Amino acid sequence: MRFAAIADIHGNCAALEAVLADIHAQGITDIVNLGDCLSGPLEAGRTADLLLLLDTMATLTVRGNHDRYLIENPADAMPSWEVHAFSQLAPRHLQWLRKLPFSTVYRDEAYLCHATPQSDNVYWLEQVSSEGHVFLKPLEEIEALADGIEQPLILCGHSHIPRAVQLSDGRLIVNPGSVGCPAYDDDTPHFHKVETGHTMASYAILEKTSAGWIPQFRNVTYDHLAMSRLAAENGRADWAVALATGRAG
1 MRFAAIADIH GNCAALEAVL ADIHAQGITD IVNLGDCLSG PLEAGRTADL LLLLDTMATL
61 TVRGNHDRYL IENPADAMPS WEVHAFSQLA PRHLQWLRKL PFSTVYRDEA YLCHATPQSD
121 NVYWLEQVSS EGHVFLKPLE EIEALADGIE QPLILCGHSH IPRAVQLSDG RLIVNPGSVG
181 CPAYDDDTPH FHKVETGHTM ASYAILEKTS AGWIPQFRNV TYDHLAMSRL AAENGRADWA
241 VALATGRAG
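Numbering (UniProt numbering), first residue to last: 1 to 249.
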């Protein structure tokens, strides 16, 4: 069994198209999408159209916190990442977001959620110090969040950091990284920056072998500078820097 996992596209249609082309080149047809699909100052409408097309091809998608913000907030009270995206979305796009599950299971083998099984807005594998350092969470805390999940493979996104963590019972948790947003800053739970240090789109291929599930992390180039210019044109200098450099300004 072999499939691809994508996450945190954030309206970056050019990055998504490049990732889908790479997935196709690997001969993979099954894709799971871990949420945060559209929010950002880029091409939410085009991205939504492409994801709705993929949805008709049996792609599984779970809802992320930014997806939720697009459907639970009134238009005049959208959080900053949602303002530009919401203006591009048609009723069919919002209806699709409303139907997305918080979590689901792929082929009885992989548990899918955006962040953790309990929350769509908490890092599963990372923690943030009061000084703003982002680092790997202690294993016992990671395992506590996985209590009750029976599947051998667990997939999450949210932190935009590609990572695999083996649990003491052999289960594997994988974050495929972000397709469309290589760097950002946030003030929850403390101010911090997440930076991949590169401008490529990230995703993962998961393969079941005789030794268990093996992740292959992949990075794909695309015209990131065009997306950086678009972010700047739409008044988001922070996104422009992130897309151009892979670092938070």
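We treat Cβ as the ideally placed atom computed from N, Cα and C, and that holds for glycine.
Note that the coordinates shown come from a computational prediction; the quantities given were computed from them, not determined experimentally.
Identity of the residue in the options nearest residue i by Cα
{"i": "histidine 224", "options": "His24, Pro189, Pro182", "result": "Pro182"}
{"i": "serine 130", "options": "Ile6, Leu136, His192, His24", "result": "His192"}
{"i": "glycine 180", "options": "Pro41, Asp187, Ile28, Ile71", "result": "Pro41"}
{"i": "alanine 244", "options": "Ser228, Phe102, Glu233, Ala232", "result": "Ser228"}
{"i": "glycine 235", "options": "Ala18, Trp81, Glu72, Ile9", "result": "Trp81"}
{"i": "asparagine 175", "options": "Asp187, His198, Ala14, Ile205", "result": "Ile205"}
{"i": "alanine 25", "options": "Glu43, Glu195, Phe3", "result": "Phe3"}
{"i": "threonine 209", "options": "Glu109, Tyr222, Thr188, His133", "result": "Glu109"}
{"i": "glutamate 17", "options": "Asn73, Phe86, Ala75, Tyr203", "result": "Tyr203"}
{"i": "residue 285", "options": "Ala232, Phe217, Thr196, Met57", "result": "Outside the displayed span of the chain (1 to 249) sits residue 285, for which this structure offers no information."}
{"i": "leucine 38", "options": "Asp22, Thr221, Gly64, Ala237", "result": "Gly64"}
{"i": "valine 62", "options": "Leu230, Asp169, Asp120, Glu207", "result": "Asp120"}
{"i": "glycine 177", "options": "Asp187, Val194, Ala231", "result": "Val194"}
{"i": "valine 220", "options": "Asn12, Asp22, Leu100, Asn73", "result": "Asp22"}
{"i": "glutamate 207", "options": "Leu100, Asp30, Ser87", "result": "Asp30"}
{"i": "serine 87", "options": "Pro101, Asp187, Gly11, Ser159", "result": "Gly11"}
DSSP beta-bridge partners of residue i
{"i": "glutamine 216", "result": "Ile205"}
{"i": "glutamine 166", "result": "Leu172"}
{"i": "tyrosine 184", "result": "Val194"}
{"i": "alanine 5", "result": "Val32, Ala204"}
{"i": "isoleucine 154", "result": "Tyr111, Ile173"}
Beta carbon of residue i nearer than 8 angstroms to that of residue j
{"i": "lysine 137", "j": "leucine 125", "result": "yes"}
{"i": "alanine 201", "j": "valine 19", "result": "yes"}
{"i": "tyrosine 184", "j": "alanine 240", "result": "no"}
{"i": "tyrosine 111", "j": "valine 32", "result": "no"}
{"i": "glycine 132", "j": "histidine 198", "result": "no"}
{"i": "threonine 104", "j": "leucine 60", "result": "yes"}
{"i": "alanine 85", "j": "alanine 44", "result": "yes"}
{"i": "leucine 53", "j": "glycine 157", "result": "no"}
{"i": "isoleucine 9", "j": "threonine 47", "result": "yes"}
{"i": "aspartate 67", "j": "aspartate 36", "result": "yes"}
{"i": "tyrosine 222", "j": "alanine 77", "result": "no"}
{"i": "glutamate 143", "j": "serine 168", "result": "yes"}
{"i": "glycine 249", "j": "alanine 237", "result": "yes"}
Close Cβ partners of residue i (< 8 angstroms) along its chain, the five nearest in sequence each way excluded
{"i": "leucine 172", "result": "Pro152, Leu153, Ile154, Ala164, Val165, Gln166, Gly212, Trp213, Pro215"}
{"i": "leucine 145", "result": "Thr116, Pro117, Gln118, Trp124"}
{"i": "residue 252", "result": "With the chain covering 1 to 249 only, the question about residue 252 has no answer from this structure."}
{"i": "tyrosine 69", "result": "Ser39, Met78, Pro79, Trp81, Glu82"}
{"i": "leucine 230", "result": "Pro41, Leu42, Glu43"}
7 angstroms Cβ shell around residue i - same chain, five flanking residues per side excluded
{"i": "valine 122", "result": "Ala115, Thr116"}
{"i": "valine 128", "result": "Val134, Pro189, His190, His192"}
{"i": "isoleucine 161", "result": "Glu126, Asn175, Gly177, Val194"}
{"i": "glutamate 150", "result": "none"}
{"i": "serine 159", "result": "Tyr123, Leu125, Glu126, Asn175, Val194"}
Own chain, CB closer than 6 angstroms to residue i, minus 5 neighbours either side, in chain order
{"i": "arginine 98", "result": "Ile71"}
{"i": "phenylalanine 217", "result": "Pro162, Ala204"}
{"i": "histidine 93", "result": "Ala48"}
{"i": "histidine 57", "result": "Going by the sequence as given, residue 57 is methionine instead of histidine. Cβ within range, chain order: n/a, list empty."}
{"i": "cysteine 13", "result": "Glu43, Arg46, Thr47"}
beta-carbon residue i near the ligand ATP non-hydrogen atom, thresh 7 angstroms
{"i": "threonine 59", "result": "Ligands are entirely absent from the displayed structure, and the ligand ATP is therefore not among its contents."}
Minimum length 3: unbroken beta strand (DSSP E) runs contained in the segment 55-135: 103-106, 110-113, 126-128
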